[in-house]
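Structure first, then comments.
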Amino acid sequence: MFPDGTGPSADPAGSHHERRIRSFQPRRSRVTSGQRAALRRLWPHWGFDIDGLRRIELAELFAGDAGGSGDSSAAAPEPAREARPVVLEIGFGMGEATAEMAAADPDTDILAVDVHTPGQGNLLRLAEERGLTNVRVGNGDAIILLREMLAPESLAGLRVYFPDPWPKKRHHKRRLIQPEFLDLAAGPLRSGALVHCATDWEPYAEQMLDVLSGHPAYENTQLDSGYAPRPAIRPRTRFEEQGVGKGHKVRDLLFRRR
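Going by the working numbering, the first residue of the sequence shown is number 7, and it counts up by one from there.
Dropping the structure here:
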């Protein structure tokens, strides 16, 4: 869709990396003209492909070109700044909640990863409209990002909100939150980093609680070793409201990297 290299690639990692687990299920939907324009304009400044071929320096990534719509002041590079905490968000949908969290906490940088092109364009558009400079968008498989492209102890947090529940029993092995994924995430997460998961699918919530509680690298922040109340930092989304309307109970899990 972006043959001139101004937007995200269809499959940035290609076939040169082993993928026993994936962080996503490919989706296809229409990209609006506004999303396409945002991708062309802002992707070279605020987006990158997860190709697994290089190590990302997060301080440089977030201190890079501010992008913009062509105005000279908007296109000027940001002034140098000290490295700030970076939180990885895996799967951000259309980006509304991500933009809201970025605006509410401007001193934390958000590395948002997804493969949904309309959502990538929408998040970039929202970031530009709200003047957010603490959001970067990664296109591709977060598994490859964690395994190949992030330095040890480089992340201050991990957010996984409403991942695909894969409700059929034969598909449970495709769920993201499982021991193999937690092993992988433990490397880039620094000690004390907060792992925040949320789901409205009760069987998946139970699995999340079980595998997180059983992993030696993580500890539950809740004294009763159960689910957490929804933190104020996580906005309610339209997707969440739809689930609640169907009678689903939303569960939040807050664990800390030991």
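All C-beta atoms, glycine included, are put in the ideal place defined by N, C-alpha and C.
Please state if the CB of residue j and the CB of residue i are separated by a distance shorter than 8 Å.
i      : j      : result
PRO194 : LEU156 : yes
TYR224 : LEU188 : yes
GLY266 : LEU117 : Outside the displayed span of the chain (7 to 264) sits residue 266, for which this structure offers no information.
ILE1   : ALA89  : Since the displayed the chain opens at 7 and closes at 264, residue 1 lies outside it and no answer follows.
ARG263 : ALA192 : yes
MET214 : LEU259 : yes
ALA6   : GLY198 : Nothing in the structure corresponds to residue 6, since the chain is present only between 7 and 264.
TRP52  : VAL141 : yes
GLY125 : GLY99  : yes
Which term fits residue i, buried or exposed, when burial requires 16 or more other beta carbons within 10 angstroms of its beta carbon?
i      : result
GLY13  : buried
ASP113 : exposed
THR123 : buried
GLN41  : buried
VAL250 : exposed
GLN248 : exposed
ASP77  : Confidence at ASP77 is low in this model, with a pLDDT of 45, below 50, so the placement of that residue is unreliable and no value is reported for it.
SER79  : Caution applies to SER79, whose pLDDT of 40 falls short of 50 and renders its modelled position unreliable; the value that the coordinates give is listed next. SER79 comes out exposed.
SER75  : Low local confidence applies: a pLDDT of 48 at SER75 is under 50, so the model's placement there is unreliable, with the coordinate-based value given in what follows. Counting Cβ neighbours within 10 Å, SER75 comes out exposed, since fewer than 16 surround it.
ASP57  : buried
GLU95  : buried
GLU246 : buried
ARG325 : Only positions 7 to 264 of the chain appear in the structure, and residue 325 is not among them; the question remains open.
ALA108 : buried
THR38  : exposed
ASP115 : buried
ARG36  : exposed
ARG61  : exposed
LEU45  : buried
ARG242 : exposed
LEU218 : buried
ARG176 : exposed
Relative to the C-alpha of residue i, which candidate in the options has its C-alpha closest?
i      : options                           : result
THR227 : TYR210, GLN41 and HIS202          : HIS202
PHE168 : LYS174, ASP206, GLU159 and LYS179 : ASP206
LEU152 : ARG136, ASP115 and LEU190         : LEU190
VAL93  : PRO209, HIS254, ARG196 and GLU246 : ARG196
PRO91  : GLU159, ALA44 and ARG46           : GLU159
HIS254 : LEU48, ASP55 and ALA211           : ALA211
ASP55  : THR38, PRO237 and VAL119          : VAL119
TRP172 : GLU154, ALA204 and PRO209         : PRO209
ASP17  : ILE183, ILE150 and HIS221         : ILE150
PRO222 : THR243, ARG136, PRO185 and ARG244 : PRO185
ASP5   : ILE183, LEU59 and HIS177          : Outside the modelled stretch of the chain, which goes from 7 to 264, sits residue 5, for which no answer is possible.
Could you tell me the boundaries of the beta strand (DSSP E) in which residue i lies?
i      : result
THR266 : Examination of residue 266 is not possible in this model, given that the chain is present from 7 through 264 alone.
ARG136 : Per DSSP, ARG136 belongs to no beta strand (DSSP E) and is neither H nor E.
LEU259 : 257–263
LEU188 : Segment 185–192 is the alpha helix (DSSP H) holding LEU188; no beta strand (DSSP E) there.
TYR167 : 161–167
GLY58  : Neither: GLY58 is in no beta strand (DSSP E) and is coded neither H nor E.
ASP216 : No beta strand (DSSP E) holds ASP216; the alpha helix (DSSP H) holding it covers 208–220.
GLU154 : Where GLU154 is concerned, there is no enclosing beta strand (DSSP E), given that its DSSP letter is neither H nor E.
ARG142 : 141–145
ALA118 : 115–120
TYR224 : 224–226
Which residues bound the alpha helix (DSSP H) around residue i?
i      : result
GLY101 : From DSSP, GLY101 is part of no alpha helix (DSSP H); its letter is neither H nor E.
LEU64  : 64–68
PRO251 : A small correction: the amino acid at residue 251 is Gly; Pro does not occupy that position in the sequence shown. Taken as a continuous stretch (DSSP letters only), the alpha helix (DSSP H) holding GLY251 covers 244–251.
Checklist entry - Is the segment 116–132 close to the segment 92–105, with three or more CB pairs under 8 Å? => result Yes, the segment 116–132 is in contact with the segment 92–105.
Item to check | Segment contact, 8 Å Cβ cut-off, at least three pairs: the segment 162–175 with the segment 48–66 | outcome: Too few Cβ pairs lie closer than 8 Å, so no.
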